[in-house]
Amino acid sequence: MRTVKLSLEFEDRVGMVLDVSQVISAKNINIVTFQVLPGKMFLELEKIDKKTLNQVIGDIKKIPKVLKVFPIEIMPYEQKEQQLRAVLDTVNEGILAIDGHGVITICNQACAEMFAIPADRIIGQEVEKLLAKDIPMLRTLKTGEIYNNQEIIINVEGRRLHYLTSGRPIKDRGGNIVGVVAVLKPMSEVRELVYALTKPSLNSFNDIIYTSDKMHFVVEMAKKVAKTNTTVLIRGESGTGKELFARALHLESPRRTKPFVPLNCAAVPESLLESELFGYVEGAFTGAKKGGKQGLLEFAHEGTLFLDEVAELPTHLQAKLLRVLQEGKVRRLGGQEEIPVDIRIIAATNRNLEEMIGEGKFREDLYFRLNVFPLQIPPLRERPEDIEILARHFIEIFAQRRGLPTFKLTENAINKLMAYRWPGNVRELQNVIERAITLAENGTIEAKDIILDHPQDTRLSAQTLEEAVNQVEKELIEKALKRFPSIRQAAKSLGVTHTTLRNKIKKLNLTNKVVE
1 MRTVKLSLEF EDRVGMVLDV SQVISAKNIN IVTFQVLPGK MFLELEKIDK
51 KTLNQVIGDI KKIPKVLKVF PIEIMPYEQK EQQLRAVLDT VNEGILAIDG
101 HGVITICNQA CAEMFAIPAD RIIGQEVEKL LAKDIPMLRT LKTGEIYNNQ
151 EIIINVEGRR LHYLTSGRPI KDRGGNIVGV VAVLKPMSEV RELVYALTKP
201 SLNSFNDIIY TSDKMHFVVE MAKKVAKTNT TVLIRGESGT GKELFARALH
251 LESPRRTKPF VPLNCAAVPE SLLESELFGY VEGAFTGAKK GGKQGLLEFA
301 HEGTLFLDEV AELPTHLQAK LLRVLQEGKV RRLGGQEEIP VDIRIIAATN
351 RNLEEMIGEG KFREDLYFRL NVFPLQIPPL RERPEDIEIL ARHFIEIFAQ
401 RRGLPTFKLT ENAINKLMAY RWPGNVRELQ NVIERAITLA ENGTIEAKDI
451 ILDHPQDTRL SAQTLEEAVN QVEKELIEKA LKRFPSIRQA AKSLGVTHTT
501 LRNKIKKLNL TNKVVE
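Everything in the sequence shown is counted per the UniProt record's numbering, starting at 1 for the first residue and increasing by one.
Written as structure tokens, this is what we have:
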């Protein structure tokens, strides 16, 4: 309905409102809205013609102590509503309000976009019919209870929506509850926010330090699979850098902007592992968080879940994980809702999964699901060429952290590093170098500063660098010649050419080991 709006300015006196009302009623005109402020009055009248409007303005001006009368385009309450609407529509979170009967009275633009329904279709609907009967807003309408950051999963016109919501009761001056206002944020945005704030440092393949052909082969294979969504199983001894590879795989993948969620399956107690992985609903068990909790499988949605030491998963959780990989859905503990998830799995282990399958400790079907693309990281003793370059890399890192100039590494110290078999692999080398920097004097790391965890586990401590390298090469070649029936196959397994291997066999006097 079109209306006419007037603004009046006057000197305050008793009876002013009555006098103005009488002028309007004398013309048989309905007053739609009447707002009175100190020294000002605003009228919204039903639509009248221009002649009648001029007569009304003229009659009002004749009222004693009226100073000004003029038409306006918008009433003050409308201006405030527009300002409030502008504020609400600027907010990224969805804002929804209901009255005392559960009818929606406010829905901002963000909320309408979340529901994919125009705001004018949402306002006026009963909230329990549009969303759900058990949403926190309706509980607050009854109890007045404030709630913060509760998860809700609702179905709006056949679409499943997942939000984090907080709400407050609206009360009148007498303290009576007359409505509820709630803020909603999509869980996908919450996950991204949490990930942005807690984002672990990620490493690229450029951060993997090596010079050996063996590591070059593994890194090149990893780079190829990184660009896909293929499940990867990383195998290698403890300390070889499996998590470093997992982080690089994620960073080089199309999922790089989404969460990378690591879980060490051996570090979490079995009693907590299931709830950490799958989450739970409210009331699932004693002590369950109000509103429930999403598990890491949900948190990793559209990202990567890294299952370190996956062999330590209990068999009943192996079955549940297999189901998630097959169906792409998660069911929280105590819940019935099937929650779709899109995740890439990268798993790692230092255990012999094939033996565990034979012993009934690891499911064969899960093994095949995980072992789509295996990556075998060689232990440090099988790539002695990498020892010195890694040692110098760690020296630079630790010296920089302590604000010190770089340290020199003597030839005797290098020989001692090369002679050791490194049962703890790269992690042990890192610890040894940090220890050596602490002990070193005058910026030089001597052999005496190299304190090994297992000093008896050396090849020959008196060897020169060349002798140590030859010793390692000899051991590797002997193993390959025993394992493979021909020199060509042995050379392929070692990552060298047939000619190179023949020359090394001759150099190391291993001709008696060759089976022609």
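We put the CB at the ideal spot given by N, CA and C, even for glycine.
On a predicted model such as this, the values are computed, not experimentally measured, just so you know.
Within 7 Å, strictly: CB atoms of Asp342 and His301: yes
Could you tell me which residues DSSP puts in a beta bridge with Ile170? Gly179
Hey, how far is the Cα of residue 517 from the Cα of Pro340? What the structure shows of the chain is the stretch from 1 to 516, and residue 517 is not part of that stretch, so it cannot be assessed.
Just how far apart, CA to CA, sit Leu508 and Val432? 31 Å
Which of the three DSSP states, helix, strand or coil, is assigned to Asp99? strand
Cβ-based neighbour list, His454, same chain, cut-off 7 Å, excluding 5 preceding and 5 following: Pro423
If we count Cβ pairs, one from each stretch, closer than 8 Å, do we get three or more for the segment 3-15 versus the segment 33-50? yes
So the beta strand (DSSP E) Pro71 belongs to, where does it begin and stop? 66-71
So, for Ala226: in the same chain, excluding its five sequence neighbours on each side, which residues have a beta-carbon less than 6 Å away from its beta-carbon? Leu249, Glu252, Ser253
Buried or exposed for Pro136, going by 16 or more other Cβ atoms inside 10 Å? buried
If we ignore side chains and look at the alpha-carbon of each, how far apart do Val472 and Ile209 end up? 20 Å
Pick from Gln430, Ile450, Thr240: whose alpha carbon is nearest that of Leu409? Ile450
Residue range of the unbroken beta strand (DSSP E) whose run includes Leu37: 31-37
With burial defined as no fewer than 16 other Cβ atoms inside 10 Å of the residue's Cβ, what is the status of Gly167: buried or exposed? buried
On the criterion of 16 or more Cβ atoms from any shown chain inside 10 Å, does Leu272 qualify as buried, or is it exposed? exposed
Residue ranges of each alpha helix (DSSP H) run of no fewer than 4 residues wholly in the segment 305-355, ordered along the chain? 315-327
Return the chain-ordered list of same chain residues with a C-beta closer than 8 Å to the C-beta of Ile104, the five sequence neighbours on each side being excluded. Leu96, Ala97, Ile98, Ile122, Ile123, Gly124, Gln125, Glu126, Val127, Leu130
Residues that Asn155 bridges to, as DSSP identifies them: Arg160
Please classify Pro169 as buried or exposed, where buried requires at least 16 other C-beta atoms within 10 Å of its C-beta. buried
Expressed to the nearest angstrom, what Euclidean distance is found between the alpha-carbon atoms of Leu18 and Tyr77? 21 Å
Can you tell me whether DSSP reads Glu78 as helix, strand or coil? helix
Under three-state DSSP, which class holds Gly360? coil
Looking at Arg255 and Thr304, is the spacing between their C-beta atoms short of 7 Å? yes
Can you give me the start and stop residues for the alpha helix (DSSP H) that Gln430 sits inside? 425-439
Can you name, in chain order, every residue of its own chain whose Cβ lies under 7 Å from the Cβ of Glu274, other than the five neighbours on each side? Leu317, Leu333
Distance between beta carbons of Asp120 and Asn108, contact taken as under 8 Å: Their Cβ separation, rounded to whole angstroms, is 12 Å, which puts Asn108 and Asp120 out of contact at 8 Å.
Reducing DSSP to helix, strand and coil, say where Phe285 ends up. coil
Tell me the rounded alpha-carbon separation between Phe484 and Ala347. 29 Å
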